[in-house]
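Step one of this worksheet: look at the structure below.
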Amino acid sequence: MSSSNSPSFSESSSSNFRGRGANKHTAPITCYCGCSLRVQTSWTKANPGRRFMSCPIRGMNKCGYFVWLDPELSDRSTDIIVGLVEKWKTTKEKLAKSNERVRLLMSLQSVHGS
Ligand SMILES: [Zn+2]
22 MSSSNSPSFS ESSSSNFRGR GANKHTAPIT CYCGCSLRVQ TSWTKANPGR RFMSCPIRGM
82 NKCGYFVWLD PELSDRSTDI IVGLVEKWKT TKEKLAKSNE RVRLLMSLQS VHGS
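So the sequence shown is numbered by the numbering used here: it starts at 22 and just counts up by one.
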């Protein structure tokens with residue numbers, strides 16, 4: 022489990038924020054090809070829950086714009102978050118299964134009870 026595939030996009034972060042002082046948060050952020058960007062959340066095992074912005078044109082990867090918003094997680098935090106997500110998923114599956122069983126039992130009961 023040694024996944025050290027750190028992306029090499031770090032040059033495109035926040036370097037142009039000097040100069041206009043006033044409304045730096047109101048300006049729409051766009052990628053290199055002019056699409057307005059939305060914050061997305063990564064759910065890969067390497068970067069669980071880490072927010073990023075990238076070019077919304079997927080697949081073709083038109084301009085390759087990609088910026089992490091959250092700092093890189095430590096291996097420990099990554100392990101913990103991945104573990105929690107896994108646990109949550111299995112809990113949800115178990116709950117769905119037991120709900121199904123309850124529904125089955127109830128339908129059987131209603132058949133026998135009437
Ligand atoms: Zn783009």
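All residues carry an ideal CB built from backbone N, CA and C; glycine is no exception.
(message) Looking at residue 70: is its Cβ nearer than 8 Å to the Cβ of residue 101?
(response) no
(request) Determine contact between the region 72–79 and the region 106–118, defined as no fewer than three beta-carbon pairs at a distance below 8 Å. (result) no
(request) To the nearest angstrom, report how far apart residue 124 and residue 118 are at their CA atoms. (result) 10 Å
(message) Comparing C-alpha positions only, which one of 83, 91, 129 sits nearest to residue 62?
(response) 91
(request) Please name the residue, chosen from 130, 52, 127, that lies closest to residue 84 on a Cα-to-Cα basis. (result) 52
(request) Look up residue 130 in the DSSP assignment and give the residues it is bridged to. (result) Residue 130 pairs with nothing; no bridge assigned.
(message) Suppose the cutoff is 7 Å on Cβ atoms and the five residues either side in sequence are ignored; what does the same chain contact list for residue 89 look like?
(response) 71, 73
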